[in-house]
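Trainee:
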Amino acid sequence: MRRITIVVSIVLVMLMAIPAVAVEFKIGKFEIENTYTETDDADSSSETVFKTTLILNEKVDERVNLFVMTRLDGEFNQAQGPKDAGTDVFVRKGWLNIKNAIGPVDLRVGRMDAAAANYLLYNMKSKYEFARAAYSNDKFAIKVGHNIDSDEKTLFSEIKGIYLGPVDAVTLNYVDADFANIDYNGYSINFLKEFDPLKADLTYLKVENGALKPEGYDLRFSTDKLVSGVNLFLEYAAGEQGIAVDRHNFQKDDSVFVESELNNAYDIKMIKPGFITDLGDRLKLDCAYAFYEADDSDASDDYLDLICTYKLSKKSYLEVEYENHNFDNTGTDNTIITTKLGVNF
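Just so we're aligned, residue 42 is where the sequence shown starts under my numbering, counting upward by one.
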């Protein structure tokens, strides 16, 4: 059975079912983004795009909420005229949420993001449609989602408990994804403990990725302004070959296991120190340096990621991100500089 795009039907039906109500996009963002890429033994390249985000968040009644995030993207292409330069309009997110739809259980249907603890097991973004049931109280929460497709299914679930004896929170995630060239399923368990001003975070995951059955873990320590105005963090991770799937926006690049090209070729270990600091009221720096090493190989990757954000005004900003991969015995060294000029409205 072909996948039914639930979100389109829901949005259209709900908008038609609210006559005489003025529907307004009250929140939005506009960004101009330039990406400059320099790769060893290759010519450099530069691309400039614009991204417009419009958000509709409409409370239909005391139990029903309609949320739609629409994107209008395009690129600056000097080789083409303005009418020929491609633009893309799509629903980035769009869902209908009904509180207490079945007893105390909330129901959400449509296009939405879904992420496991620390984005490691899964981090599904852009064009994922689910029916999701959720329940929560003061100490317990559970979510279960399914894309309602018998041929290319995606099932995810999350169970979270807080204030459980020696730890502040425990999160258990499970996913079963079988579509296109992804055959990936497994679970992760995350433990969180805060020792003011230190926070410790441990995640273990075990998956099946095709014929591979890798496991991995991720340990993070962070401080809340241990040094005046500076947050420090240190992360250590290890994962066996196949722990990551960086396809179809299934895990994106928020996971440490997909930040390096080493992730699908080797068993890897990584250590990443970094800091985040505010320099005055307008300038923010976010810096991390990750050292990736492959087991049973001399392959390595040193990855520097530096983000500088400057607040131009109350609602506008300039962000520059510098990324550099320095490989040994694998890969191709590269530098990416991404510059964003944006405004929130």
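Where is the CB? At the ideal position from N, CA and C, for every residue including glycine. Keep in mind it's a predicted model, so treat the numbers as computed, not measured.
If contacts are defined as beta-carbon pairs under 8 Å, then Phe332 and Ile312 qualify, I think. What distance do you get, rounded to the angstrom?
Mentor: About 5 Å separates the two Cβ atoms, so the contact holds.
Trainee: If contacts are defined as beta-carbon pairs under 8 Å, then Gln282 and Tyr307 qualify, I think. What distance do you get, rounded to the angstrom?
Mentor: Sure, about 6 Å apart at Cβ, within 8 Å.
Trainee: Going by other Cβ atoms of all chains shown within 10 Å of its Cβ, with 16 needed for buried, is Gly321 buried or exposed?
Mentor: Gly321 comes out exposed.
Trainee: I need the straight-line Cα distance from Met55 to Gly144, nearest angstrom please.
Mentor: Note that Met55 has pLDDT 49, beneath the 50 cutoff, so the model's placement of it is unreliable and the number below is only indicative. For Met55 and Gly144, the distance between alpha carbons rounds to 23 Å.
Trainee: To the nearest angstrom, how far is it from the Cα of Leu148 to the Cα of Ala156?
Mentor: Whole-angstrom Cα-Cα distance: 18 Å.
Trainee: Which partner residues of Gly321 appear in the DSSP bridge assignment?
Mentor: BP columns for Gly321 are empty, so no partner.
Trainee: Whose C-alpha, out of Thr89, Val109, Lys92 and Val90, is nearest the C-alpha of Val98?
Mentor: The sequence shown places Asn at residue 98, not Val. Considering only alpha carbons, the answer is Val109.
Trainee: Three-state secondary structure (DSSP) at Leu162?
Mentor: Coil at Leu162, not helix or strand.
Trainee: Below 6 Å CB to CB, which residues in the same chain sit around Asn451 once its five sequence neighbours on both sides are set aside?
Mentor: The shown model of the chain, from 42 to 386, leaves out residue 451, and the question about it has no answer.
Trainee: Is Gly135 closer than 8 Å to Arg152 when the C-beta atoms are compared?
Mentor: Result yes, Cβ atoms of Arg152 and Gly135 sit closer than 8 Å.
Trainee: Which two residues bound the contiguous beta strand (DSSP E) that contains Phe386?
Mentor: Run containing Phe386: none; DSSP gives neither H nor E here.
Trainee: DSSP three-state label for Glu302, please.
Mentor: Here Glu302 sits in helix by DSSP.
Trainee: Please classify Asn141 as buried or exposed, where buried requires at least 16 neighbouring CB atoms within 10 angstroms.
Mentor: Classification for Asn141: exposed.
Trainee: Going straight from the alpha carbon of Glu300 to that of Tyr176, what length do you get?
Mentor: If I take the Cα positions, the gap works out to 33 Å.
Trainee: So, are the CB atoms of Lys266 and Pro238 less than 8 Å apart?
Mentor: Closer than 8 Å, so yes.
Trainee: Beta-carbon separation of Thr78 and Asn375 under 8 Å?
Mentor: Closer than 8 Å, so yes.
Trainee: Assuming Asp129 is part of the beta strand (DSSP E), what are its boundary residues?
Mentor: Thr128 to Ile143 is the extent of the beta strand (DSSP E) around Asp129.
Trainee: If you draw a straight line from the C-alpha of Ser167 to the C-alpha of His187, how long is it?
Mentor: Cα to Cα, Ser167 sits roughly 16 Å from His187.
Trainee: Of all the options Glu74, Thr264 and Ala278, which has the alpha carbon lying nearest to the alpha carbon of Asn272?
Mentor: Closest option to Asn272, Cα to Cα, is Thr264.
Trainee: Which runs of the beta strand (DSSP E) spanning at least 3 residues fall entirely within the stretch 149–221, listed in chain order?
Mentor: For the stretch 149–221, whole beta strand (DSSP E) runs of length 3 or above, ordered along the chain, are 170–177, 181–187, 195–205 and 208–220.
Trainee: Could you give the residue range of the beta strand (DSSP E) that holds Tyr277?
Mentor: First-last of the beta strand (DSSP E) with Tyr277: Val271 to Gly280.
Trainee: Let's test the definition: count the other Cβ atoms within 10 Å of the Cβ of Glu170 and tell me whether it reaches 16, buried, or not, exposed.
Mentor: Label assigned to Glu170: buried.
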